[in-house]
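Residue numbers (my numbering): 4 to 69.
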Amino acid sequence: MKSAEELRELSVEELEKEAEGLRQELFNLKFQHATHQLENVMRIRHVRRQIARVLTIINEKRSGQK
Numbered sequence: 004m005k006s007a008e009e010l011r012e013l014s015v016e017e018l019e020k021e022a023e024g025l026r027q028e029l030f031n032l033k034f035q036h037a038t039h040q041l042e043n044v045m046r047i048r049h050v051r052r053q054i055a056r057v058l059t060i061i062n063e064k065r066s067g068q069k
C-alpha cells in the first residue's frame, strides 16, 4: 500500500489506474467476505480508505491545474 507522499508523486492518469485497481480489489474482498472466505475483514476498510486517499489527491491535482 502506497503512502500519501508516494501517491502525490504520481500523475493523474496513474492515480486513476491506481483507483481502478483498488476498486477491483475492494469488489473481490467484498465477494470473499460474502462467501466467508475472507480472513482479514479489516482489509476492506483499509482498501476503502486508500481509494478515498487516491480520489482526494486526484481532486487536489485537478483543482490545482485550473
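Note that CB positions come from ideal geometry on N, CA and C, so glycine has one too.
Which term fits residue i, buried or exposed, when burial requires 16 or more other beta carbons within 10 angstroms of its beta carbon?
i   : result
E21 : buried
V50 : buried
Cα-Cα, which of the options is closest to residue i?
i   : options     : result
I61 : E16, E8, M4 : E16
Should residue i and residue j be called a contact, given that it needs their Cβ atoms to be closer than 9 Å?
i   : j   : result
L58 : R46 : no
R56 : A7  : yes
Any contact of the segment 23–30 with the segment 38–56, i.e. 3+ C-beta pairs under 8 Å?
The segment 23–30 is in contact with the segment 38–56.
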